C-alpha cells in the first residue's frame, strides 16, 4: 500500500511539473492546448489545474475577445501563473557593476537597482555585507504583503567551487574564496544559487530566439572578460553540468600577452576590453591588465577604429583573430550551427568580423560542413538576465510547487 501511495505521489508530482513546465515555456495556454503540449488527458489537465488554482499557483485569466466574430462559442479560458505566488531576487555581478532585479512568479520585472563596482569595492566591505545591504534595500522598497521571496540567484564571472556556493577564481577583485552564497543563505533563510555567466548566456539565447531552442549554439561574451556558453541540440553542455567553458582562457599565443588571470597568451588577453586598450596604445604585452575599463572608454576605441584610426583598428583585428582561432579550435570538438557574439564587444563585431571568419575558414570542419552563422547580439544583459530569470523560476516551479500535493 505504501509503495502504491509513493508511486501515485510521484506521478502527480511529475504531471504537475509537466503542466508548470509547459506554461513556463509556452506562456499562457488554454486547457486543451496544455493537454496537447504535455500529452496528458483532458481529465488529468482539469484535475491538475483545479488543484493548482486552489493553491494559488496558477489562475484563470480574463478571456480575450474572439479574433473573428464569425467564430461560434465562447473564447477559450487561458491559464497563467498567479504572479503574487512567489518572487525571486536576481543578482548579476561583473567587473563593472552589480545589478539586482526583483521579479514576480509570472516573470515580470518588479524593481531593479544598479550599483557600480570598482577594483576596490570589496576592500572595505565583504561581498556578503555588500549583497546583504543591497538585497535588504531591494526588499524594503517592495514589501508587498503575501508575496514570498523564494529564491536568490546570482550570476557570477569566474570558476565556481565544487559546492557551488563560492568562487575559486574571479576577475572581480576580492570576490573569490569567500563563501558569500552560504552566508546569504543563512542570513535570509532562503535557497541561494550561483550560476556562471557562460551558462546563462547559453540558456538565455535559447529563450530569446525560438529558432535556436533546439539548435547547437555557441554564445560568446566579449567585454570586460571573454566567456562562452554552449548548447548542443538544445541541451546545455560544457564543463561538468554548468554548460560553460573557460573559452576566454584558452591559450591563443604561447607565452603571449598577460591575461588578467595571471597566465599569458589567453584569448581574453587580446579580445577583452583591457586587451584591446593595451594594443590600441601599443603598451607592452607584459604590462598588468587594467583592473577595469570604463564602458565609455571602450566605446571610444570602437569609434576611433570606425573613423579610421589604424592603431585602434589593429587592436580590434587582433581581438577578432584571437576569438576566431579560439572558435576554430573549439569546432574540432563541437560543431555549432550558430555563433552569437554578445556583450559590449558585439558593437565592435564589424571591426572583428573579417578576422573571425578568416580564422573559422581555416578549420577543417568548416571547410567540410560550411561556416556557421555568426551574428552579433548588442545587449549582453538581455540573454544573461533572461537565462537567470528562466532558470530560477523553473527551479521554483519544480522544487516548490510541483511536489505540493
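Residue numbers (the working numbering): 4 to 408. The beta carbon of each residue, even a glycine, is placed where N, CA and C say it ideally should be. These numbers come from a predicted model, not from an experiment.
In three-state DSSP terms, what is residue 22?
Here residue 22 sits in helix by DSSP.
From the DSSP output, in three-state form, read off residue 119 for me.
Correct three-state label for residue 119: strand.
Could you give the C-beta distance for residue 343 and residue 319, rounded to a whole number, given that I count them as a contact under 8 Å?
Wrong, their Cβ atoms sit about 18 Å apart, outside the cutoff.
Within its chain, find whatever has a CB closer than 6 Å to the CB of residue 253; leave out the 5 residues flanking it on each side and keep chain order.
Counting only Cβ-Cβ distances below 6 Å, and skipping sequence neighbours, we find 270 and 329.
Thinking C-alpha only, which one of 326, 195, 215 and 127 is nearest residue 169?
Ranking the options by Cα distance to residue 169, first place goes to 195.
Can you have a look at residue 331 and say buried or exposed, based on whether 16 or more other CB atoms are within 10 angstroms of its CB?
Flag for residue 331 reads buried.
What does residue 175 pair with, by DSSP beta-bridge criteria?
In DSSP, residue 175 forms no bridge with anything.
Where does residue 13 land, buried or exposed, given buried means 16+ other C-beta within 10 angstroms?
Per the 10 Å Cβ criterion, exposed.
Which stretch, first to last residue, makes up the alpha helix (DSSP H) that contains residue 279?
Segment 276-283, the alpha helix (DSSP H) holding residue 279.
According to DSSP, simplified to helix, strand and coil, what is residue 126?
It is coil, neither helix nor strand.
According to the neighbour-count rule (16 or more other Cβ atoms, all chains shown, within 10 Å of its Cβ), is residue 139 buried or exposed?
Exposed.
Give a yes or no on contact between the segment 355-362 and the segment 386-393, applying the rule of three or more CB pairs nearer than 8 Å.
Counting Cβ pairs under 8 Å, fewer than three are found: no touch.
Short of 7 Å in beta carbon distance, which residues of its chain neighbour residue 47, apart from the five on each side in sequence? Order them along the chain.
Cβ within range, chain order: 18.
Is the number of C-beta pairs between the segment 258-277 and the segment 287-298 that are closer than 8 Å three or more?
Yes: the two stretches touch, three or more of their Cβ pairs being nearer than 8 Å.
With H, G and I counted as helix, E and B as strand and the rest as coil, what does DSSP make of residue 368?
It is helical.
Looking only at C-alpha atoms, which of 83, 285, 163 and 37 sits nearest to residue 61?
Looking at the Cα atoms, 83 is the closest of the given residues.
DSSP state of residue 256, grouped into three classes?
Note: residue 256 maps to coil in three-state DSSP.
Taking residue 94 as the reference, which of 310, 197 and 182 has the closest Cα?
Comparing Cα positions, the closest option is 197.
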